[in-house]
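Visitor: To start, I am sharing the structure in question, which I have written as structure tokens.
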Amino acid sequence: MMDYLNRELSWIDFNERVLAEACSSAVPLLERLKFIGIVSSNFDEFFMVRVAGLQELYKSGHPSDESGNLSVETLLKGIVQKTRRLFDIQEAVLNTEILPQLKTQGLIYRKPEECSKVQQCFLEDFFYRHLYPIIQPQLSDDEQALADSVANVRLHVGFLLSDDTGKQNRLAIIPVPEVPRFVFLSPDGGLASAKGEIDLSEEGATVLKDENEPPINGRKKSAKKVEFVLIDELIRYFGGAFFSGCRITGTGIFKINRSASMTVDDSSDDGFIEALEEVLIRRRYSFVVRMTSTHESSAFITRMSELFQLEKQDVYLSEAPIGLSSFAKITEINGFKRLRNEKWKHFAHPAFPSDGTLWDSIKARDILLHVPYQSYKPVIRLLSDAAEDPAVTSIRMTLYRTSKSSPVVRALVNAAKRGKQVTVFVELKARFDEERNLGWVKRLQKHGVRVVYDLPHLKVHAKLLLIMRREAHGEQGYVHLSTGNYNDTTARLYADISLFTVNPRMIADAHIIFSRLCGKYTQETPRYIITAPDALKRTLLEHIEREIDFARQHKPARIIAKMNSLSHPELIVAIYRASQAGVRIDLNVRGICMLIPGQRGISDNVRVVSIIDRYLEHSRIFYFENGGNPEWYLSSADWMPRNLERRVELLFPVLDKQNQLLLDYFFSVYFADNVKAFEMLPDGSWRRQTPQEGQPPVRAQEALHRFFEHKYFNGKTNYCPEGKK
């Protein structure tokens, strides 16, 4: 039996668990549509990064994958086999279950050719008034120029053309305009277009301004019946208007995934920003890894495959709409309450006052904040208060990913304008956020913020904030550490935990860490906040070894860990050794897990579960029993080579006993989940957990929501149920 699984294949298994939510009849229809979109988006990134990298390895003659267990050729074949199976399941569940069931509930997807004559007249008018003027078809005899014009991931409509001059199968490509994809038809058949203008400003949908219009994003109560068509399918249907004198012999709606595996050369003689901008330009024209297309014309598919130099296995054909990540927007339409989850509130943290500043609350005791069950507002308030407070002298923080209109950045700019010393490390190498982060760098610098962005050969994935404030006794530090990004948008969707503290040891360590990030030489090393790449992996291995020693002495020994991914070979081997020594090990791993539990004589004492639910599980929590003197940690790092060896990451202790009880309770429900949890079996497969006879259903995220609801309404800062491990 293999000692561990392949990383890429394990990642596909994770997406199969996500897809299982889209396939589950127990999940409301619009929520199932969200999961379909998540899977689609995940695979786009997977092909752009992981598959592109493997293809480059294969072309260069590299014999095996990074684990050495599989040849690159065998691995690529395995990826194609598993991915195609999931692609087929996704297409089938969308076409035969979700869309038909939405139709019975009054939310009806139609192709233009399926619309009534009245609706088609409206759609034709809409096309000529609002799409035709902004569309620029790409038509060229230069094949390379045409291929280069196709943007990564963006939807395009292609046409094969023939004319009377003898030109056959000439290819024309129309990039789908960057306007809302959905056109909602009013119940009266679309005649609303004669009564008002079309609003293209809504994000995600084109909405008819009429008394009968179907609402979205906060509009009126929805009609009992709402029909919609897709912009790309309108272009396909009416696209002949661009090619008078030509016959259309084939069409298709498609998107491509270009390689995004190239990274910035830290050793470049050019400036780092210039090198990054060059990489971003090169990505626009990088080789195509995969094409996804509607299956309408075999001749069109053949022509496109030739254009992008793709083999048959690189082309994914669908009878359903493609570009499914955009379908998440349609789930925001008002009404249809029965088709979505019960709305959960983000509760205020009882330790923080509803008005006034947060300084006294943080000085009173260490505070854990668990988003999205609890509101992210205290983090934003802390930064906003720091910007406005004349007693605050400096703010230092890291930024890896933040939101499009970030209140975090606004607060930092405001602080700099008010004369405070503001230093921010912005990670420009955060993949797919490089351009946004580059924009933040320029904006912050413009307003006087000191920005650091170049740490050669390392990404800064740590989440750390240090505020210094003049108080009666002298300078007082306030530290915030988190498992997740300083991003107010994802804080409503990702489950993360952060710590507010004035612990002097944490403050001292934060000073050292920021000195290092800013390039200041110091012989001091952090003692309580453990950092990667210098010490975090070693610390984890030492803690596992310590549990092994305790087990051999017949003292309490146990490891419980929650993370996004587990793929580091050294840590996997250490866990196996701990299992063989008798240490009981429970792992909650949302995504990649290369470790295999339950192997006789290897991992008998290891259990692995994974929870897929409405919130993305993103927190990293680690527990070591330590012979009866337990230690608790939170971390920004997963147990992966990239996190522990190629990134700046943080592991920080949770010292407050009340907070330890909180984490203990979180673990108790995570490992009791029998509704949304999957358990890995000894053969590496996953099985959905279900309540056994006489066992009540436990859904961890729902239990946590109810727990924080209870705390909120009772206002009991010290309330915490007894943890059960």
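Under full-length UniProt numbering, the sequence shown has 359 at position 359, and the numbering climbs by one with no breaks. By construction, the Cβ of each residue, glycine as well, lies at the ideal position given by its N, Cα and C atoms. Just so we're clear, the structure is a prediction, and the values are computed from it rather than from any experiment.
(1) N414 lies in the alpha helix (DSSP H); which residues open and close that run?
(2) Where DSSP assigns a beta bridge to C518, which residues make up the other side?
(3) Helix, strand or coil for E202? Go by DSSP, reduced to three states.
(4) Looking at the unbroken alpha helix (DSSP H) that takes in R7, where does it start and where does it end?
(5) Please work out which residues of its chain come closer than 7 angstroms, Cβ to Cβ, to V675, disregarding the five sequence neighbours upstream and downstream, and give them in chain order.
(6) Among all the DSSP beta bridges, which residues are the ones paired with residue 754?
(7) If you compare alpha carbons, which of S326, A275, Q374 and P353 is closest to W344?
(8) So, using beta-carbon positions, are H568 and L644 closer together than 8 angstroms?
(9) Measure how close the beta-carbons of N588 and I559 come, nearest whole angstrom, since I'm counting them as under 8 angstroms.
(10) Under the three-state reduction of DSSP, which class applies to I36: helix, strand or coil?
(11) Within this structure, are the beta carbons of F14 and G591 separated by less than 8 angstroms?
(12) Is the number of C-beta pairs between the stretch 615-631 and the stretch 542-557 that are closer than 8 angstroms three or more?
(13) Say whether the stretch 27-43 touches the stretch 328-344, bearing in mind that this needs 3 or more beta-carbon pairs closer than 8 angstroms, one atom from each stretch.
(14) Please classify A145: does DSSP put it in a helix, a strand, or coil?
(15) For the candidate residues I367, L146 and L663, whose alpha-carbon lies nearest to that of M304?
(16) Could you pull the start and end residues of the alpha helix (DSSP H) that W344 belongs to?
(17) In three-state terms, what does DSSP make of I467?
(18) Spell out a yes or no on whether the stretch 397-404 and the stretch 684-695 are touching, meaning 3 or more CB-CB pairs, one atom from each, closer than 8 angstroms.
(19) For the beta strand (DSSP E) containing S60, list its first residue and its last residue.
(20) State the beta-bridge partners of V422 as determined by DSSP.
(21) Could you check if K657 is buried or exposed, using at least 16 other CB atoms within 10 Å of its CB as the buried criterion?
(22) Could you tell me the alpha carbon to alpha carbon distance between T96 and H447, rounded to whole angstroms?
(23) Taking its Cβ as the centre, do 16 or more other Cβ atoms sit within 10 Å of E227, making it buried, or is it exposed?
(24) Who are the Cβ neighbours of R431 in its own chain at under 6 angstroms, not counting the five residues just before and after it?
(25) By DSSP, does K429 sit in helix, in strand, or in coil?
(26) Under 8 angstroms Cβ to Cβ from F652, same chain only, skipping five residues before and after it: list those, please.
(27) Please check the pair E451 and V460, which I expect to be a contact at CB under 8 angstroms, by giving their CB distance rounded to whole angstroms.
(28) Could you tell me the boundaries of the alpha helix (DSSP H) in which M48 lies?
(29) Assess contact between the stretch 227-246 and the stretch 127-143, defined as three or more Cβ pairs (one per stretch) separated by less than 8 angstroms. Is contact present?
(30) Apart from the five residues on each side of it in sequence, which residues of its chain come closer than 8 angstroms, Cβ to Cβ, to E73?
(31) Mapping DSSP to helix, strand and coil, what is C115?
(32) Would you give the residue range spanned by the alpha helix (DSSP H) that V176 belongs to?
(33) Taking C-beta to C-beta, are S579 and N605 nearer than 8 angstroms?
(34) Give the list of continuous alpha helix (DSSP H) stretches no shorter than 4 residues that lie fully inside the stretch 609-659.
(35) Round the Cβ separation of K429 and V264 to the nearest angstrom and send it over; I've been treating them as touching at under 8 angstroms.
(36) Below 8 angstroms on the Cβ atoms is my guess for R236 versus I253; work out the distance and round it to an integer in Å.
Guide: On the basis of the coordinates in this document:
(1) As a working note, residue 414 is residue 414 in the sequence shown. Note, N414: alpha helix (DSSP H), P407 to K417.
(2) If you number the sequence shown from 1, residue 518 lands on position 518. DSSP, once it has assigned bridges, lists no residue as partnering C518.
(3) Taking the first residue of the sequence shown as 1, we reach residue 202 at position 202. Annotation note: pLDDT 36 at E202 (below 50); position unreliable, coordinate value reported separately. Residue state, collapsed to three classes: coil.
(4) Counted from its first residue, the sequence shown places residue 7 at position 7. Element bounds for R7: R7 to C23.
(5) Numbered from its first residue, the sequence shown carries residue 675 at position 675. If we look at V675 and ignore the five residues flanking it on each side, its Cβ neighbours are P697, V698 and R699.
(6) No answer is possible for residue 754: the residues shown for the chain start at 1 and end at 725.
(7) Reading the sequence shown from its first residue, position 344 is the one you call residue 344. Residue Q374 is the option with its Cα nearest to W344.
(8) Translated into positions along the sequence shown, residue 568 becomes position 568. Translated into positions along the sequence shown, residue 644 becomes position 644. Against a cut-off of 8 angstroms, the Cβ pair of L644 and H568 comes out as a contact.
(9) Here residue 588 is taken as the residue at index 588 of the sequence shown, counted from 1. Here residue 559 is taken as the residue at index 559 of the sequence shown, counted from 1. Not really, about 12 angstroms apart at Cβ, beyond 8 angstroms.
(10) Start at 1 with the first residue of the sequence shown, and residue 36 comes out as number 36. Correct three-state label for I36: helix.
(11) Numbered from its first residue, the sequence shown carries residue 14 at position 14. Numbered from its first residue, the sequence shown carries residue 591 at position 591. For the 8 angstroms CB-CB criterion, F14 and G591 form a contact.
(12) Contact between the stretch 615-631 and the stretch 542-557 is present, because at least three Cβ pairs lie under 8 angstroms.
(13) Result yes; three or more Cβ-Cβ pairs closer than 8 angstroms.
(14) Within the sequence shown, residue 145 is the residue found at index 145, counting from 1. In the structure shown, the three-state DSSP call for A145 is helix.
(15) Position 304 of the sequence shown, counted from the first residue, corresponds to residue 304. If we check each option's Cα against that of M304, L146 comes out closest.
(16) For the purposes of this step, residue 344 is taken as residue 344 along the sequence shown, with counting starting at 1. Where W344 is concerned, there is no enclosing alpha helix (DSSP H), given that its DSSP letter is neither H nor E.
(17) Within the sequence shown, residue 467 is the residue found at index 467, counting from 1. Correct three-state label for I467: strand.
(18) These segments do not touch.
(19) For this step, residue 60 is matched to residue 60 along the sequence shown. Careful: S60 lies outside any beta strand (DSSP E) and carries neither H nor E.
(20) Translated into the one-based positions of the sequence shown, residue 422 becomes position 422. Looking at the DSSP assignment, V422 forms a beta bridge with I395.
(21) For the purposes of this step, residue 657 is identified with residue 657 of the sequence shown, where counting begins at 1. That one is exposed.
(22) Sequence index remark: in the sequence shown, residue 96 carries index 96 (1-based). Sequence index remark: in the sequence shown, residue 447 carries index 447 (1-based). Whole-angstrom Cα-Cα distance: 54 angstroms.
(23) Taking the sequence shown and counting its residues from 1, the one referred to as residue 227 is at position 227. That one is buried.
(24) Translated into positions along the sequence shown, residue 431 becomes position 431. None.
(25) As a position in the sequence shown, residue 429 is number 429, starting the count at 1. DSSP places K429 in coil when its eight states are reduced to three.
(26) Here residue 652 is taken as the residue at index 652 of the sequence shown, counted from 1. If we look at F652 and ignore the five residues flanking it on each side, its Cβ neighbours are L481, L499, M506, Y528, I529, I530, Y633, L634 and S635.
(27) As a working note, residue 451 is residue 451 in the sequence shown. As a working note, residue 460 is residue 460 in the sequence shown. For the record, residue 451 in the displayed sequence is Val; it is not Glu. Contact doesn't hold; Cβ gap of about 12 angstroms is too wide.
(28) Numbered from 1 along the sequence shown, position 48 holds the residue referred to as residue 48. It is not in any alpha helix (DSSP H) - M48 carries neither H nor E in the DSSP assignment.
(29) Counting Cβ pairs under 8 angstroms, three or more are found: they touch.
(30) Here residue 73 refers to the residue found at position 73 of the sequence shown. Excluding residues up to 5 positions away in sequence, Y58 lie with their Cβ nearer than 8 angstroms to the Cβ of E73 in the same chain.
(31) The residue labelled residue 115 in the question sits at position 115 within the sequence shown. If DSSP states are grouped into helix, strand and coil, C115 belongs with coil.
(32) Stepping through the sequence shown from its first residue, residue 176 is reached at position 176. For V176, there is no enclosing alpha helix (DSSP H), as DSSP marks it with neither H nor E.
(33) Here the question's residue 579 lines up with position 579 in the sequence shown. Here the question's residue 605 lines up with position 605 in the sequence shown. Less than 8 angstroms divides the Cβ of S579 from the Cβ of N605.
(34) Those alpha helix (DSSP H) runs which fall completely within the stretch 609-659 and span 4+ residues are 641-645.
(35) Working through the sequence shown from its first residue, we reach residue 429 at position 429. Working through the sequence shown from its first residue, we reach residue 264 at position 264. Indeed, because the Cβ distance is near 6 angstroms, the residues count as touching under 8 angstroms.
(36) The residue given as residue 236 occupies position 236 in the sequence shown. The residue given as residue 253 occupies position 253 in the sequence shown. Contact check for R236 and I253: beta-carbon distance about 6 angstroms, within the 8 angstroms limit, so the pair qualifies.
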